[in-house]
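Residue numbers (our numbering): 20 to 301.
Cβ coordinates follow ideal geometry from the N, Cα and C atoms, glycine included.
Worksheet: the structure to be examined is printed underneath.
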């Protein structure tokens, strides 16, 4: 669920190998003591370093084994593990804005991955946007949010001019997408994962209650590498009159038309200092 680079400062990369454990009993006991002292957010950081350690490539995705490793760590995380409580000011709605401001807590970022937390007051919205070439893990730490997500439709032809509300729109302006999710999710749910080409690569988050979501992006957004954040408007399939597109009537509600848009003017994301357990680079 990451947003473009303007929402968080870019950090320099710094990778290092995990300490190796020898077979000696003394070192084993020391290692166990270190593991007991390691915070969950530190464990998340260490796991991310391993999972995203492969060489860069187009739409590179970690192995399924590594994806499950990282998901398991995120599934165990709770608000206290990152120093959050629901009564913090980040989660309060103020009357000053029609659309509540969202707070972003920056944990870490390098060339390989980024970690951050979005804090949404009730009715806070992160508009529909994409994640080009990324694998994204999103863990709801507390609260309830509505998630609507899409993947591009690859099995339906669309090569003709399109009409909506009697105004012609070039076929290059819109693209057909398939609904991946359109439901409420609570903090009891498993970590969601999206991939470069599936899993709901384009999504919109709406806070039903105050909520916090921990995001891991691999790799992060990077304008210089062509990973731009693009925002979209979505239109129901039935709103368009399209030549050359065939979708069974009973399936039409599972498709929508997406059109690129400028960054919404009412989107306000403010940065705040992360005050949870420290992440130590070693």
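C-alpha gap between residue 160 and residue 207, whole angstroms: Numbered from 1 along the chain shown, position 141 holds the residue referred to as residue 160. Numbered from 1 along the chain shown, position 188 holds the residue referred to as residue 207. Their backbone Cα atoms lie some 8 Å apart in a straight line.
C-alpha gap between residue 36 and residue 102, whole angstroms: Mapped onto the chain shown, residue 36 falls at position 17. Mapped onto the chain shown, residue 102 falls at position 83. Confidence in residue 36 is poor, its pLDDT being 33 and thus under 50, which makes the residue's placement unreliable; the coordinate value appears in the next sentence. The straight-line gap from Cα to Cα measures roughly 27 Å.
Three or more C-beta pairs below 8 Å linking the region 190 to 200 and the region 111 to 128: no
Residue 63, enclosing alpha helix (DSSP H) - first and last residue: By 1-based counting over the chain shown, the position of residue 63 is 44. From DSSP, the alpha helix (DSSP H) with residue 63 extends over 59 to 70.
Terminal residues of the alpha helix (DSSP H) in which residue 91 lies: Residue mapping note: residue 91 aligns to position 72 of the chain shown, counting from 1. Residue 91 -> alpha helix (DSSP H) spans 83 to 94.
Which of helix, strand or coil DSSP assigns to residue 301: For the purposes of this step, residue 301 is identified with residue 282 of the chain shown, where counting begins at 1. Three-state result, residue 301: coil.
Integer Cβ distance of residue 112 from residue 141, believed to fall under 8 Å: For the purposes of this step, residue 112 is taken as residue 93 along the chain shown, with counting starting at 1. For the purposes of this step, residue 141 is taken as residue 122 along the chain shown, with counting starting at 1. 6 Å between Cβ atoms; contact.
Straight-line gap, residue 85 to residue 294 (C-alpha atoms, nearest Å): By one-based count along the chain shown, residue 85 stands at place 66. By one-based count along the chain shown, residue 294 stands at place 275. If I take the Cα positions, the gap works out to 28 Å.
Boundaries of the beta strand (DSSP E) in which residue 211 is found, first to last residue: As a first step, residue 211 is located in the chain shown; it is residue number 192 there, counting from the start. Per DSSP, residue 211 belongs to the beta strand (DSSP E) from 211 to 213.
Spatially closest choice to residue 277 from 153, 168, 79, by CA coordinates: Counting from 1 along the chain shown, the entry for residue 277 is found at position 258. Of the listed residues, the one whose Cα sits closest to residue 277 is 168.
Which listed residue (285, 58, 165, 244) has its alpha carbon closest to that of residue 231: For the purposes of this step, residue 231 is identified with residue 212 of the chain shown, where counting begins at 1. The option with the nearest alpha carbon to residue 231 is 165.
Presumed contact (8 Å Cβ cut-off) between residue 135 and residue 246, rounded CB distance: Locating residue 135 in the chain shown gives position 116, where the first residue counts as 1. Locating residue 246 in the chain shown gives position 227, where the first residue counts as 1. Incorrect: roughly 16 Å between the Cβ atoms, too far for contact.
Length of the line joining the Cα atoms of residue 225 and residue 119: Against the chain shown, residue 225 aligns to sequence position 206. Against the chain shown, residue 119 aligns to sequence position 100. Going by the C-alpha atoms only, they are around 11 Å apart.
Candidates 241, 172, 96, 63: closest to residue 218 by CA position: The count along the chain shown starts at 1 and reaches residue 218 at position 199. Cα-wise, what sits closest to residue 218 is 172.
Rounded straight-line distance, which links the Cα of residue 162 to that of residue 64: The sequence position of residue 64 within the chain shown is 45, counting from 1. The sequence position of residue 162 within the chain shown is 143, counting from 1. Answer to the nearest angstrom: the Cα atoms are 24 Å apart.
Reduced DSSP category for residue 257 - H, G, I as helix; E, B as strand; rest coil: If you number the chain shown from 1, residue 257 lands on position 238. Note: residue 257 maps to helix in three-state DSSP.
Reduced DSSP secondary structure (H/G/I, E/B, other) of residue 106: Counting from one through the chain shown, the residue named residue 106 turns up at place 87. Of the three classes helix, strand and coil, the one that applies to residue 106 here is coil, per DSSP.
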